[in-house]
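In the order they appear, the protein sequences are chains A and B.
For the first sequence, my numbering assigns the number 1 to the initial residue and increments by one for each residue that follows.
For the second sequence, my numbering assigns the number 1001 to the initial residue and increments by one for each residue that follows.
Built from N, CA and C at the ideal position, the CB exists for glycine as well.
These numbers were taken from a predicted model, which means no experiment stands behind them.
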Amino acid sequence: MGDSQYSFSLTTFSPSGKLVQIEHALTAVGSGQTSLGIKASNGVVIATEKKLPSILVDEASVQKIQHLTPNIGVVYSGMGPDFRVLVRKSRKQAEQYNRLYKEPIPVTQLVRETATVMQEFTQSGGVRPFGVSLLVAGYDDKGPQLYQVDPSGSYFSWKASAMGKNVSNAKTFLEKRYTEDMELDDAIHTAILTLKEGFEGEISSKNIEIGKIGADKVFRVLTPAEIDDYLAEVE
Amino acid sequence: MTQSSVDVPAKGGFSFDLCKRNNMLIEKGLKAPSFLKTGTTIVGLIFKDGVILGADTRATEGPIVADKNCEKIHYMAPNIYCCGAGTAADTEAVTDMVSSQLRLHRYQTGRDSRVITALTLLKKHLFSYQGHVSAALVLGGVDITGPHLHTIYPHGSTDTLPFATMGSGSLAAMSVFEAKYKEGLTRDEGIKLVAEAICSGIFNDLGSGSNVDICVITKGNKEYLRNYMEPNPRTYVSSKGYSFTKKTEILRTKITPLMERVEITEVGEAMEE
C-alpha cells in the first residue's frame, strides 16, 4: 500500500478547515432516499422509502432495513453497497463483544464502534469515506434508543430524526408532531405520515419499509400486510 | 570447492525422519507424553422425530472428581446441541467459538443453521490444531434437511451415525445401544434408551458419574432436560437419627454471647454513586 500513488489520505484539510470529501459524502447522503426514525416512550420505529429503479425489480429481494443483533436494527440513506459493508462489520463487532463479555452489546457501544470504523475511513490511505448515514434503533437495559451516524464518524442520539432527500420538510414535520409520551403505534403512524409528506406518487406497502422494536426487545421488520394495516389506519 | 549436500524435504506426505531419533530417546529413558483419558460418557441417537443427546455430569481431574454436576451438553444453535468429552476447557472454548460463528452466519444468510455447517467449522478448527485441542464431540441437531448425528474426534475426523457414543464410558454405553437400538424409536423409548446407556457408563466407568443430562431436539423444538435422572443422590443425615447411650450429667449451664447484638437504623441519605 505504501508505494502507491494514492497512498496518502484523500480526506485532507482544506484551507477553511473543512474536510471536503466528508462534505461531498454528506451530499451523497442528502441525495439518497428519505429515511427517518422516531423514539417512542416504549420503543423505536425506523422507516424508509423503497423506490426501486424499475417495476421489473423484485421488491421482495430488496431489504433496506437490517438487523445487527436481535435487539438492534439499522436503516440508511445514501449508497446501498456501502451500507452492506458497514452492516457486515457491525454484526461482526457485535458478535465479538458478545463472545468476549457474554452480554448482548449495548446500543451505545455498537454505535460507537460503527462510528469508529466510519472515522477510520476518513483518516486512512487509499480509501474514501462511506457514502451513508445510518439510523440505529435499539432497545436495551437503558430503554429505547435512536442514534444517527454520519460519514464523518460523528453520532448523535435523537428523539426523532430524518435523512436523505426530503430531510428539511421531514424534520419540520417531526418537530411539530413529536411528543415525549408518544407510544410505539402512534410513532409508526407519525412515521408513515412523515414519509407521505414528500412522497412522489402513491404510498403503498410495496414502496416503503418499516422496522420497529418494542419493550419485548426484539427488532422486527414489518411485513407488507402489516404495513397495509397501518396505512389503512392512517387514511 | 566442496559441494555441500542440501537436504531436500520430501515431496508431500509425512516426514518420518525423527522416528529414529524418538526411538533412540525412549531407549535412553525419555518418557513419551501419555494420552489424556476422556473421563466422560456422552451419547446420541436418532429417533423417529429427531435427535436425543445424553451425557453424564462428572468432571474429573485425574483421580479426583472436580465437578459433581457439570454441564456437558453445549448450545450451538437453537436447533443444534453438542456433547463434549476430553479437556473441559477445550470443549467449552471450541463449542463457544463455533456457536458464535454460526450466529454471525445466521445473520448474514437469514436462515437457520445446518448441522453440517457446525460439523465443518468444528472439524476445520480441530484439524488445524492437529489433535492438540483435546475435544471429542457428539454433535446432533435437526435442520431443514432432517435430523443429523455426528461424532468428531480430536484430530478432526468425523463419522455420521444413527447412534453414537464417546468418552471413556463409550464402550459401556455402546453395548446398551448395540443391544437395544432400533430405527423409528418414539420419544419416550429413545429417552429411556439414552438414560440407560448413560447409566451404564456412570456405574461401570470410573471416569463418569453423578447425574444424567438429556437434550431432545425435534423439528422446530428443543427440550433441555438438565439432571433428567439423579441415580446418585447425596445422603446427608442418617434417617435413623443419632442417639447417645451414656447420659452425661450436667453440672452447670452458662451462656456467653460472642458478639453484641447491634441495631442499625438508617439515618440521612444514601451514599452518592
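Quiz item: In chain order, which alpha helix (DSSP H) runs of at least 4 residues are fully inside the segment 1160–1235 of chain B?
Solution: 1170–1180 and 1187–1204
Quiz item: So, helix, strand or coil for F83(A), using DSSP?
Solution: In this structure, F83(A) counts as helix in the three-state DSSP scheme.
Self-check item: Cβ neighbour criterion (16 or more within 10 Å) applied to K165(A)
Solution: buried
Quiz prompt | Endpoints, beta strand (DSSP E) assigned at E49(A) | solution = G43 to E49
Practice problem: Select from G1169(B), H1148(B) and S1100(B) the residue whose C-alpha is nearest the C-alpha of G1209(B). | Solution: G1169(B)
Practice problem: Have a look at Y1181(B) and A1195(B) and give me their C-alpha separation to the nearest angstrom. | Solution: Approximately 13 Å, taken between the alpha carbons.
Quiz item: With G37(A) and V29(A) assumed to form a contact (beta carbons below 8 Å), what rounded beta-carbon distance in angstroms separates them?
Solution: In fact, because the Cβ distance is near 15 Å, the residues do not count as touching under 8 Å.
Quiz item: In chain order, which continuous runs of the beta strand (DSSP E) of length 3 or greater are located wholly inside the segment 146–199 of chain A?
Solution: 155–157 and 160–163
Quiz item: At least one CB of chain A closer than 7 Å to the CB of Y1107(B): is that the case?
Solution: Yes, Y1107(B) counts as interfacial toward chain A.
Quiz item: For E95(A) and chain B, any beta-carbon pair shorter than 7 Å?
Solution: yes
Practice problem: Say whether the segment 63–73 of chain A touches the segment 206–224 of chain A, bearing in mind that this needs 3 or more beta-carbon pairs closer than 8 Å, one atom from each stretch. | Solution: yes
Quiz item: Got a sec? Which residues, its chain only, sit under 6 Å from K39(A) by beta carbon, not counting five neighbours each side?
Solution: Closer than 6 Å at Cβ, skipping near neighbours: P144, L146 and K159.
Practice problem: Might you give, ordered along the chain, the residues of its own chain that have their beta carbon closer than 8 Å to the beta carbon of C1199(B), omitting 5 neighbours on each side? | Solution: Excluding the 5 residues flanking it on each side, C1199(B) has same chain C-beta neighbours closer than 8 Å at V1212, M1229 and P1231, in chain order.
Quiz prompt | Contact between the segment 1037–1056 of chain B and the segment 1082–1090 of chain B (3+ Cβ pairs under 8 Å) | solution = With the cut-off at 8 Å, the segment 1037–1056 of chain B and the segment 1082–1090 of chain B touch.
Self-check item: Through-space distance from L1225(B) to A1179(B), alpha-carbon basis
Solution: C-alpha separation (whole angstroms): 25 Å.
Exercise. Let me know the secondary structure DSSP gives E1266(B) once reduced to three states.
Key: coil
Quiz item: Would you say the segment 172–190 of chain A touches the segment 106–113 of chain A, given that touching needs at least three Cβ pairs under 8 Å?
Solution: no
Quiz item: Whose Cβ in chain A lies nearer than 7 Å to the Cβ of L1104(B)?
Solution: R91, K92 and E95
Quiz item: Do we get a CB-CB distance below 7 Å when we pair T11(A) with the residues of chain B?
Solution: no
Quiz item: Just how far apart, CA to CA, sit T1002(B) and K1020(B)?
Solution: At T1002(B), the pLDDT of 48 sits below 50, so the modelled position is not reliable; the number obtained from the coordinates is stated separately. Cα to Cα, the separation comes out at about 28 Å.
Exercise. Report the rounded CA-to-CA distance for A232(A) versus N42(A), giving the unit in angstroms.
Key: 23 Å
Self-check item: Given H1105(B) as reference, the closest of Q63(A), K92(A) and P106(A) once Cα atoms are compared
Solution: Closest by alpha carbon: K92(A).
Practice problem: Classify S1157(B) as helix, strand or coil using the three-state DSSP reduction. | Solution: coil
Quiz prompt | Spatial neighbours of V87(A) in its chain, beta-carbon cut-off 8 Å, leaving aside the 5 residues before and after | solution = Q66, L68 and V74
Quiz item: the segment 1230–1255 of chain B: which residues have C-beta closer than 9 Å to a C-beta of chain A, in chain order?
Solution: none
Self-check item: CA-to-CA distance, G32(A) to T48(A), given in whole angstroms
Solution: 11 Å
Practice problem: Below 7 Å CB to CB, which residues in the same chain sit around T1256(B) once its five sequence neighbours on both sides are set aside? | Solution: none
Quiz item: On the three-state DSSP scale, how would you describe E235(A)?
Solution: coil
Quiz item: What number of angstroms, rounded off, separates the C-alpha of I210(A) from the C-alpha of Y230(A)?
Solution: 10 Å
Exercise. Please confirm if R99(A) has its CB atom under 7 Å from at least one CB of chain B.
Key: yes
Practice problem: Could you work out which residues of chain B lie near H67(A), taking near to mean beta carbons separated by less than 8 Å? | Solution: For a Cβ distance threshold of 8 Å, residue set Y1107 of chain B lies close to H67(A), ordered along the chain.
Exercise. Tell me, please, which residues DSSP counts as bridged to S9(A).
Key: G125(A)
Practice problem: Using a threshold of 7 Å, state whether the C-beta atoms of Q148(A) and S168(A) are closer than that. | Solution: no
Self-check item: Whole-Å CB distance - A1135(B) paired with V1043(B), under 8 Å assumed
Solution: Not confirmed; about 17 Å, so no contact.
Self-check item: Beta-ladder partner(s) of R220(A), from DSSP
Solution: K212(A)
Exercise. Put Q66(A) into one of helix, strand or coil per three-state DSSP.
Key: Here Q66(A) sits in strand by DSSP.
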